[in-house]
Structures are given as structure tokens and as C-alpha cells.
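J.: Below you will find the structure I want to go over with you.
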Amino acid sequence: MFGILPFARIGLAIALMVLMPLGAGAQDAFKEFKQLESTPKMPKLDAFIAPGTAPEGVKLRDVPMEAKLTADGTPVEEGLSWYVFSPIAGADGKLPLIASAKGGPAAFQLAPGDYFVNVSFGRAGVTKKLTVPAEGEVDKQVMVLDAGGLLLNAVSGTDARIRPDQLSFSIYSSEVRDDGERGLVMADVSPNTVVRLNAGTYHIVSEYGSVNAVIRADIQVEAGKLTEATIQHRAAQITFKLVSDAGGEAIADTAWSILTAAGDSVGESVSAFPTMVLAEGGYSAVARNKDKIYQRDFTVVAGRNTDVEVLMKDQQPQPPVSDAARTVQQVPVGTPTPPGVQPAPVAPLPSYEQLVPQQGGDDTSLD
Numbered sequence: 001m002f003g004i005l006p007f008a009r010i011g012l013a014i015a016l017m018v019l020m021p022l023g024a025g026a027q028d029a030f031k032e033f034k035q036l037e038s039t040p041k042m043p044k045l046d047a048f049i050a051p052g053t054a055p056e057g058v059k060l061r062d063v064p065m066e067a068k069l070t071a072d073g074t075p076v077e078e079g080l081s082w083y084v085f086s087p088i089a090g091a092d093g094k095l096p097l098i099a100s101a102k103g104g105p106a107a108f109q110l111a112p113g114d115y116f117v118n119v120s121f122g123r124a125g126v127t128k129k130l131t132v133p134a135e136g137e138v139d140k141q142v143m144v145l146d147a148g149g150l151l152l153n154a155v156s157g158t159d160a161r162i163r164p165d166q167l168s169f170s171i172y173s174s175e176v177r178d179d180g181e182r183g184l185v186m187a188d189v190s191p192n193t194v195v196r197l198n199a200g201t202y203h204i205v206s207e208y209g210s211v212n213a214v215i216r217a218d219i220q221v222e223a224g225k226l227t228e229a230t231i232q233h234r235a236a237q238i239t240f241k242l243v244s245d246a247g248g249e250a251i252a253d254t255a256w257s258i259l260t261a262a263g264d265s266v267g268e269s270v271s272a273f274p275t276m277v278l279a280e281g282g283y284s285a286v287a288r289n290k291d292k293i294y295q296r297d298f299t300v301v302a303g304r305n306t307d308v309e310v311l312m313k314d315q316q317p318q319p320p321v322s323d324a325a326r327t328v329q330q331v332p333v334g335t336p337t338p339p340g341v342q343p344a345p346v347a348p349l350p351s352y353e354q355l356v357p358q359q360g361g362d363d364t365s366l367d
């Protein structure tokens, strides 16, 4: 029933895309999930016309409008936003809004003349120029959105489910600007949310937790289809505990620092048992409690949530200072001894007898 596109992968990202056709009777795919930038189905609103935009005595013409996802698709019945603008900018430099409507197909009463018509469907939209004739028939205006839907989700490891409140997605344009950045299309997109977009390629950034589990992938959105993409995170949720014995209670008032194998800090916390989501790899957990430091190395395996216990017996030894490593500083003569420091013992000066050679048995004299 569904076609499966090849994996879209960047680095460790795997995006599985399932395209669901949105032709006649298939637009229900958009209704099964919470939608962004959508409106409930409602009757056409063709009564909002900006005051003073229609000259007196001018016959207004009925202009019907509808929008499709693709040229050969069926009209979109809900979730559309219509705007009709004058082509002549106002004093503020903006195009004056003439009329608007929300829902599905719309019908406007417009004076003969030129207009710009914009219709949006979530983040997808299209604008065209409209000329309303003074006489003759007014053709129905059909706007082709060339749009589809994107639904994002993620797993940890092979298939470990991630809680929705731990996931966040950001959607960027695929093109890189001159400054090296990409244009942001939508931020903080929750999983299982349909985002309506113009057809094209988008750069997706998936964040699992708030530390360093970030995956990027380029995903193609096709017109008239719902693209479901599942990102694979190489990460896991780790809970840390400082204990006196294995399996014991976590000790409170503990400050934690999590370091990579290269010694870079990736997370800090002051808690009895903090929980962090970490990308796959090797780390060191450093716990500080009552001026003592305890440390343990550990490895994060993708999709394997686990507890890391640091035992208090794993205190990091302080390097002893040997006598050979002590540096003795010469103190000038006459410098008073600092308070609380015992003065170094002073050897007595030699006596006169110790300096003068003793007379030998050969009766040698100094004279």
C-alpha cells in the first residue's frame, strides 16, 4: 500500500520515509495527527472585505477560488488561509489587505481590477496575480500549492521508543546561505505532528534530551503525499548515583560533572541522582561530595538506558608530596619567622678551639 523511499542519512542519522498519497479520499492522513498551523473545518468566510476598498457605484464581481496540493489533485477542504491584496503599496510601503477567508474553497466579491491572491496551507503557500474583468464571466481561480506533509519521529538505538517530551525537531531549508547558515522554517516541532510544507528537500535537526544527542538528516517532501520520517539516535538515557555500597541509596548534596573521553565537559548537575541523555561513546562521571572527589569511567551504548553507580571507595587519591619534591626557599637573614611556624634549628657556631689546629707531639709552635 505504501511506497518506501531509500533511507536519507547524514552521519548517524537514519530517516525512514513512508509516502501516503493524498488524493481523493486520502486527505484523512492529515487528520490522524495533531497539526501545526491548521484550523478546524469551518464554513467559507467571504464576508470580510476591508472597508472603503470598493468604490461606490462599482459592480462587485463574484470570484470563486479553490486550492489543490497538486495540479491533478482534489480541492483542499480545510486548513486554508486566503488573502487578497491590492497591488498598490500604501503609505507604509505594504500592500493593503482587501479581503481574507479561512477554511476550504472561498468566494470573494471584488471590484474589477488587479489583485494579488495568496493562499497558505500550514507552512506551504503560493501567490498569484488576479485580474477581475468588468464584464463577462469570472473564471474560478485554482491555486496549486505543490505541497505535502512531513511527520517526524525518532528512536534510540535500533527500535527503543523515546518519550515525546524528550524529543524536539527543527526544520531548515536545504540551501546554505553565504554566511554558512540555513534558513529556519520551523523550530521546536513535536513528534507525531504533521507539518505542511512546499515540496522540496529540508534539513532536519533532531535533539534527544538537552546534552549532546543531536542528529541531522536531509528529507524530501513530495507534493500531495505525507512523508513519515523516523530518525535513529545513537544515544541512551543515563542516571547517576553516588553510593557507599553497590545498590545502595543515592547520597544527596552531590555535584556531578560528566566528561568525554577527551576530557571535555558535556553536562553538570547538583542532584542525588541526575538523569542525562548522552550520545554513544566513553565518558567519566565525576562526583563531588563534602570536599571529596569520586570518579568512574563508563560507556554509553545506543538504546540501552542504564544507571551508573559511583562508589565512595573510588575516591581519587591525592598525590603525596615526598621530601625529595619539597622546595626549600632561602630566607634572608633577619627575616622574622611567620606566626605558627616553628623556626628551623640553627647549628651553633664552631668554638675557637675547633678552628685553631691542635699542637702536635713535635712541639711545633705558632710563633
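In this text, residue positions in the sequence shown follow UniProt numbering: the first is 1, and each later residue adds one. Note that the Cβ used here is the ideal one computed from N, Cα and C, for glycine as well.
Of the residues E249, N192, V205, D139, which one's Cα is nearest the Cα of I171?
T.: V205
J.: Which residues mark the beginning and the end of the beta strand (DSSP E) in which Q166 is found?
T.: From DSSP, Q166 is part of no beta strand (DSSP E); its letter is neither H nor E.
J.: With distance defined between alpha-carbon atoms, name the residue in G180, T227, N212, L184 nearest to T193.
T.: Out of G180, T227, N212, L184, T227 has the C-alpha closest to the C-alpha of T193.
J.: Under 8 Å by Cβ, that's how I've got A236 and V301 pegged, so tell me the actual separation to the nearest angstrom.
T.: 6 Å
J.: When you compare only the Cα positions, how much space is there between G73 and M65?
T.: 15 Å
J.: For D165, I'd like the list of residues in its chain whose CB is within less than 7 Å of its CB, leaving aside the five on either flank, ordered along the chain.
T.: none
J.: With 16 as the cutoff for other CB atoms within 10 Å, does I238 come out buried or exposed?
T.: buried
J.: At which residues does the beta strand (DSSP E) containing F273 begin and terminate?
T.: Unbroken run through F273: none, as it is neither H nor E.
J.: What number of angstroms, rounded off, separates the C-alpha of S173 from the C-alpha of T201?
T.: 7 Å
J.: Kindly list the residues whose CB is nearer than 6 Å to the CB of S269, restricted to its own chain and excluding five residues on each side of it in sequence; keep chain order.
T.: W256
J.: Could you tell me if E222 is buried or exposed, where buried requires 16 or more neighbouring beta carbons within 10 angstroms of its beta carbon?
T.: buried
J.: Taking the straight line between their C-alpha atoms, what separation do you get for A71 and D146?
T.: 8 Å
J.: Could you tell me the alpha carbon to alpha carbon distance between G157 and T127, rounded to whole angstroms?
T.: One alpha carbon belongs to G157, the other to T127, and they sit about 43 Å apart.
J.: Within the same chain, show all residues whose beta-carbon is closer than 7 Å to that of R161, passing over the 5 residues directly before and after it, in chain order.
T.: V155
J.: Would you call the CB atoms of Y294 and L311 closer than 9 Å?
T.: yes
J.: Among residues of its own chain, excluding the 5 on either side of G303, which ones have a beta-carbon nearer than 7 Å to its beta-carbon?
T.: Cβ within range, chain order: S156, G157, T158, A160, A236.
J.: Go to D114, then tell me how far its beta strand (DSSP E) extends in each direction, as first and last residue.
T.: 113–121
J.: Give every residue of the same chain whose Cβ lies closer than 7 Å to the Cβ of A124, excluding the five residues on either side of it in the sequence, and list them in chain order.
T.: L145, A147, R196, L197, N198
J.: Let me know if L184 comes out buried or exposed under the rule of 16 or more other beta-carbons within 10 Å of its beta-carbon.
T.: Per the 10 Å Cβ criterion, exposed.
J.: Consult DSSP for K225 and reduce its assignment to one of helix, strand or coil.
T.: Correct three-state label for K225: strand.
J.: Using 10 angstroms around the beta-carbon of L60, count the other beta-carbons present and answer buried if the total reaches 16, otherwise exposed.
T.: exposed
J.: Can you have a look at K241 and say buried or exposed, based on whether 16 or more other CB atoms are within 10 angstroms of its CB?
T.: buried
J.: Could you check the C-alpha separation between V211 and G103 for me, to the nearest Å?
T.: 41 Å
J.: Going by DSSP, what residue range makes up the beta strand (DSSP E) through S257?
T.: Counting along the chain, the beta strand (DSSP E) containing S257 begins and ends at 255–260.
J.: Taking the CB atoms as reference points, tell me whether residue 399 and G267 lie closer together than 9 Å.
T.: Residue 399 lies beyond the residue range present for the chain, which begins at 1 and ends at 367; the question has no answer from this structure.
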